[in-house]
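Asker: Below you'll find the structure I mean.
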Amino acid sequence: MLDESLGYVAPDYLEQYNDDIESETILAIRQERQTQLFEPKSKRYYQAVQAVRDIQSNEFNFSGSVVKVGQGDELSLEQQQRFNQALKVFSPWKKGPFELFGTFIDAEWRSDWKWERILPHIQSLTDRKVADIGCHNGYFMFRMAHQKPACVIGFEPYAKHFWNFQLVQNIVQQKMLHFELLGVEHIDLYPDFFDTIFCLGILYHHTDPVGLLRKLHKSLKKNGEIIIDCQGIPGDLPVALTPQKRYARARGIWFLPTQSCLENWINRAGFNKINCFFAEPLST
27 MLDESLGYVA
37 PDYLEQYNDD
47 IESETILAIR
57 QERQTQLFEP
67 KSKRYYQAVQ
77 AVRDIQSNEF
87 NFSGSVVKVG
97 QGDELSLEQQ
107 QRFNQALKVF
117 SPWKKGPFEL
127 FGTFIDAEWR
137 SDWKWERILP
147 HIQSLTDRKV
157 ADIGCHNGYF
167 MFRMAHQKPA
177 CVIGFEPYAK
187 HFWNFQLVQN
197 IVQQKMLHFE
207 LLGVEHIDLY
217 PDFFDTIFCL
227 GILYHHTDPV
237 GLLRKLHKSL
247 KKNGEIIIDC
257 QGIPGDLPVA
267 LTPQKRYARA
277 RGIWFLPTQS
287 CLENWINRAG
297 FNKINCFFAE
307 PLST
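Every number in our numbering is 26 more than the matching position in the sequence shown, counting from 1.
Written out as structure tokens, the structure reads:
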């Protein structure tokens, strides 16, 4: 069975919420996309995770800025060498930081800074159904797990990021964390379902940000909460910049709104009670 090759997989939430979401469609897409995990271009990531399947730990801490898993003295020298080799396969780690069995991983993005900006302004995630759009290696998902949500579903279509998440999940085995090889365009398969949605660093990568926001609105429960993080440009007018090619050396940037433009997008997508709690220039 394919799932057995993935390592630890949390109990399938489709069974629990079968009547609330488009379960058959989600399952069909899941089965189709899981084959990508074993394609030749993903082979080294799969093999890296398989090489350390025997390594587990009951020691983890998701409450601080660093996602900490295991202690350095838990592993034999041979296990530590194998594990460190697996970590290198996923280098560079984009989201973080992590500390895994005593090895500190200083990721390219200080995701903890973003999380600390967000945390004081959101409702508790305890017992809530949460979506993490563009979850990458799952850093935010592990931070969310500290609050004991009912479930966290990470949306991320790339095989490398799945295996990067699975490297950690195989160790800590968090039953509420679910990684789906889905894009944000599939969010409307979960109508009126999520209590909280995190859409961080996503909108400006898409050609139809308002259409995307409408899909997100459709999937959010009444009185639910969505947290949106979006690069933008300065200015008071409700306008957006469309770069000709790259922007700040980055590809795939389509629309960079002013704050008022972004708020207009959000409002026209059907959201209300908009609160901007952070808007400052950031360095690269």
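For every residue, glycine included, the Cβ atom is placed at its ideal position computed from N, Cα and C.
Is DSSP giving G122 helix, strand or coil here?
Answerer: Counting from one through the sequence shown, the residue named residue 122 turns up at place 96. Strand.
Asker: Excluding the five sequence neighbours on either side, which residues of its own chain have a C-beta within less than 8 Å of the C-beta of Y69, listed in chain order?
Answerer: As a working mapping, residue 69 is identified with position 43 in the sequence shown. As written in the sequence, residue 69 is Lys, which differs from the Tyr given in the question. Around K69: no qualifying Cβ.
Asker: To the nearest angstrom, report how far apart A171 and L193 are at their CA atoms.
Answerer: The count along the sequence shown starts at 1 and reaches residue 171 at position 145. The count along the sequence shown starts at 1 and reaches residue 193 at position 167. Whole-angstrom Cα-Cα distance: 16 Å.
Asker: Where does R169 land, buried or exposed, given buried means 16+ other C-beta within 10 angstroms?
Answerer: Translated into positions along the sequence shown, residue 169 becomes position 143. Buried: at least 16 other Cβ atoms inside 10 Å.
Asker: What separation, rounded to the nearest whole angstrom, lies between the Cα atoms of I148 and E104?
Answerer: Position 122 of the sequence shown, counting from 1, holds the residue named residue 148. Position 78 of the sequence shown, counting from 1, holds the residue named residue 104. Roughly 43 Å between the two C-alpha positions.
Asker: Using a Cβ-Cβ cut-off of 6 Å (strictly less than) and excluding sequence neighbours within five positions of E251, which residues of its own chain qualify?
Answerer: Here residue 251 corresponds to residue number 225 of the sequence shown, with the count starting at 1. Q149, T222, listed in sequence order.
Asker: Just the Cα atoms here: how many angstroms apart are E134 and S117?
Answerer: Position 108 of the sequence shown, counting from 1, holds the residue named residue 134. Position 91 of the sequence shown, counting from 1, holds the residue named residue 117. Each residue's alpha carbon lies about 10 Å from the other.
Asker: Counting pairs of Cβ atoms below 8 Å between the region 206 to 216 and the region 43 to 57, do you hit three or more?
Answerer: Segments in contact, yes.
Asker: Hey, how far is the Cα of G227 from the Cα of Q42?
Answerer: The sequence position of residue 227 within the sequence shown is 201, counting from 1. The sequence position of residue 42 within the sequence shown is 16, counting from 1. One C-alpha to the other measures close to 30 Å.
Asker: Which residues does DSSP pair with V178 in a beta bridge?
Answerer: Working through the sequence shown from its first residue, we reach residue 178 at position 152. BP columns for V178 point to V156, L203.
Asker: Within its chain, find whatever has a CB closer than 7 Å to the CB of V198; leave out the 5 residues flanking it on each side and keep chain order.
Answerer: As a working mapping, residue 198 is identified with position 172 in the sequence shown. Cβ neighbours of V198 beyond the five flanking positions: F86, V95.
Asker: By alpha-carbon positions, which one of Q107, N293, K67 ends up nearest to V78?
Answerer: Here residue 78 refers to the residue found at position 52 when the sequence shown is read from its first residue. Ranking the options by Cα distance to V78, first place goes to Q107.
Asker: Are the CB atoms of G164 and F191 nearer to each other than 8 Å?
Answerer: By 1-based counting over the sequence shown, the position of residue 164 is 138. By 1-based counting over the sequence shown, the position of residue 191 is 165. Against a cut-off of 8 Å, the Cβ pair of F191 and G164 comes out as a contact.
Asker: Could you tell me which residues DSSP puts in a beta bridge with R136?
Answerer: The residue you call residue 136 lines up with position 110 of the sequence shown. Per DSSP, G122.
Asker: Tell me the rounded alpha-carbon separation between W333 and F166.
Answerer: Lying before the first or after the last residue shown, residue 333 is absent from the chain, which here runs from 27 to 310.
Asker: How far does the alpha helix (DSSP H) with F130 in it reach, from first residue to last?
Answerer: In the sequence shown, the residue the question calls residue 130 occupies position 104. Segment 129 to 131 is the beta strand (DSSP E) holding F130; no alpha helix (DSSP H) there.
Asker: Please classify D99 as buried or exposed, where buried requires at least 16 neighbouring CB atoms within 10 angstroms.
Answerer: Here residue 99 corresponds to residue number 73 of the sequence shown, with the count starting at 1. Burial call: exposed.
Asker: What are the start and end residues of the beta strand (DSSP E) that includes E251?
Answerer: Numbered from its first residue, the sequence shown carries residue 251 at position 225. That run of the beta strand (DSSP E) goes 246 to 255.
Asker: Thinking just about the alpha-carbon of each residue, which of S286, F220, Y230 is nearest to the one in N249?
Answerer: Position 223 of the sequence shown, counted from the first residue, corresponds to residue 249. Checked all of S286, F220, Y230; the closest Cα to N249 is F220.
Asker: Along the chain, where does the beta strand (DSSP E) that runs through L226 open and close?
Answerer: As a position in the sequence shown, residue 226 is number 200, starting the count at 1. 220 to 226 is the extent of the beta strand (DSSP E) around L226.
Asker: What does a CB cutoff of less than 6 Å around E289 pick up in its chain, not counting 5 residues either side in sequence?
Answerer: Taking the first residue of the sequence shown as position 1, residue 289 is located at position 263. Correct list, in chain order: I300.
Asker: Helix, strand or coil, according to DSSP, for Y39 in the structure here?
Answerer: Taking the sequence shown and counting its residues from 1, one reaches residue 39 at position 13. Looking at Y39 - three-state DSSP - the assignment turns out to be helix.
Asker: Can you check which of these residues, F188, V156, H187, Y184, is closest to P175 by C-alpha distance?
Answerer: Here residue 175 corresponds to residue number 149 of the sequence shown, with the count starting at 1. The shortest Cα separation from P175 among F188, V156, H187, Y184 belongs to V156.
Asker: Check V93 in the structure and name its three-state DSSP category.
Answerer: Locating residue 93 in the sequence shown gives position 67, where the first residue counts as 1. Strand, per DSSP.
Asker: On a Cα-Cα basis, can you pick out the residue from G258, H187, W141, N44 that is closest to H273?
Answerer: Position 247 of the sequence shown, counted from the first residue, corresponds to residue 273. The residue you asked about is not His; residue 273 is Tyr in the sequence shown. Nearest option by C-alpha distance: G258.
Asker: Between which two residues does the alpha helix (DSSP H) containing N190 stretch?
Answerer: Numbered from its first residue, the sequence shown carries residue 190 at position 164. Segment 185 to 198, the alpha helix (DSSP H) holding N190.
Asker: Considering only C-alpha positions, which residue in the set F297, Q285, P37 is nearest to A305?
Answerer: Within the sequence shown, numbered from 1, the residue matching residue 305 stands at position 279. Nearest of F297, Q285, P37 to A305, Cα basis: Q285.
Asker: Is it buried or exposed, V178, if we count other Cβ atoms within 10 angstroms and call 16 or more buried?
Answerer: Mapped onto the sequence shown, residue 178 falls at position 152. Answer is buried; the Cβ neighbour count reaches 16.
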